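Q: The following block contains the structure, expressed as structure tokens.
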Amino acid sequence: MKNFKQYLTEAPRISKVFHNSPIPISSVGKDPMWFTIRIKDGMGYYEALKKESGDAYLYETRFTGDRIASLLNKKEEKKLNQEMIKEMEKNLSPLEKKHGVKGEVVPNFWEKYVEKLVENPTGREVSKMDQTKELSKLGYQAVLYWDYDPRDSNKDLEAFLIFNPPNSTSGLKEVKKRK
Numbered sequence: 013m014k015n016f017k018q019y020l021t022e023a024p025r026i027s028k029v030f031h032n033s034p035i036p037i038s039s040v041g042k043d044p045m046w047f048t049i050r051i052k053d054g055m056g057y058y059e060a061l062k063k064e065s066g067d068a069y070l071y072e073t074r075f076t077g078d079r080i081a082s083l084l085n086k087k088e089e090k091k092l093n094q095e096m097i098k099e100m101e102k103n104l105s106p107l108e109k110k111h112g113v114k115g116e117v118v119p120n121f122w123e124k125y126v127e128k129l130v131e132n133p134t135g136r137e138v139s140k141m142d143q144t145k146e147l148s149k150l151g152y153q154a155v156l157y158w159d160y161d162p163r164d165s166n167k168d169l170e171a172f173l174i175f176n177p178p179n180s181t182s183g184l185k186e187v188k189k190r191k
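Numbering (my numbering), first residue to last: 13 to 191.
So this is what it looks like as structure tokens:
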């Protein structure tokens, strides 16, 4: 029971999330989608999008998932690596177990993932990334990582990527649209 209590205190908890779009949307898409976890960050992206494309829409929804992979620091990345290794070791063949072959995580696995994510791939491209596949296999519905702050390019903010929005969100509503 102690481990479960520890998990609850350490696990990121996120409820309302915000998504920006240059076009009106009526529902979340099936491909991975980006969100912010604070309205002020959503407004920053809203303003940047409005300047860039001329149209901007800001939506709010509720994240209903219960497993978020956090890549906000090295300690959290190390925990994910350990979890992946345990899962890989469960799937070793009897021959590999007999000879002591252990699962390993590729060096910089998570750093490379964040680098790819900040390059603004499409949702479909994200779903094909090895890291997304691994996180999904481990039961994660979303990942939290550092991305640029649209209000100040010298700062970062937490970006929130949901892998399967229809299964992990509810109640999409428009918060702000361009006038």
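Cβ coordinates follow ideal geometry from the N, Cα and C atoms, glycine included.
All values derive from a computational prediction rather than experimental measurement.
Locate the alpha helix (DSSP H) running through Lys140, then write down its first and last residues.
A: In the sequence shown, residue 140 corresponds to position 128, counting from 1. Lys140 -> alpha helix (DSSP H) spans 135 to 140.
Q: Alpha carbon to alpha carbon, how far is Ser82 from Lys124?
A: Here residue 82 refers to the residue found at position 70 of the sequence shown. Here residue 124 refers to the residue found at position 112 of the sequence shown. Rounded to whole angstroms, Ser82 to Lys124 spans 15 Å at the Cα level.
Q: Going by beta-carbon coordinates alone, are Thr181 and Phe75 separated by less than 8 Å?
A: One-based indexing of the sequence shown puts residue 181 at position 169. One-based indexing of the sequence shown puts residue 75 at position 63. Yes, they are a contact pair.
Q: Quick check: what's the CA-CA separation for Glu72 versus Pro106?
A: Walking along the sequence shown from the start, residue 72 turns up at place 60. Walking along the sequence shown from the start, residue 106 turns up at place 94. Glu72 and Pro106: Cα-Cα distance of roughly 49 Å.
Q: Check whether the Cβ atoms of Asp142 and Trp158 lie closer than 8 Å to each other.
A: On the sequence shown, position 130 is the one that residue 142 refers to. On the sequence shown, position 146 is the one that residue 158 refers to. Not a contact, by the Cβ cut-off of 8 Å.
Q: Just curious, the alpha helix (DSSP H) that Leu61 is in, first and last residue?
A: For the purposes of this step, residue 61 is identified with residue 49 of the sequence shown, where counting begins at 1. Counting along the chain, the alpha helix (DSSP H) containing Leu61 begins and ends at 51 to 65.
Q: So Tyr71 is in the beta strand (DSSP E); what residue range does that whole segment cover?
A: Taking the sequence shown and counting its residues from 1, the one referred to as residue 71 is at position 59. That run of the beta strand (DSSP E) goes 69 to 75.
Q: Could you tell me if Thr48 is buried or exposed, where buried requires 16 or more neighbouring beta carbons within 10 angstroms of its beta carbon?
A: Against the sequence shown, residue 48 aligns to sequence position 36. With 16 or more other Cβ atoms within 10 Å, it is buried.
Q: Could you spell out the range, first to last residue, of the beta strand (DSSP E) harbouring Phe30?
A: Taking the first residue of the sequence shown as 1, we reach residue 30 at position 18. Unbroken beta strand (DSSP E) run through Phe30: 28 to 33.
Q: Going by the CB atoms, is the gap between Val187 and Leu173 shorter than 8 Å?
A: Here residue 173 is taken as the residue at index 161 of the sequence shown, counted from 1. Here residue 187 is taken as the residue at index 175 of the sequence shown, counted from 1. Contact flag unset, no.
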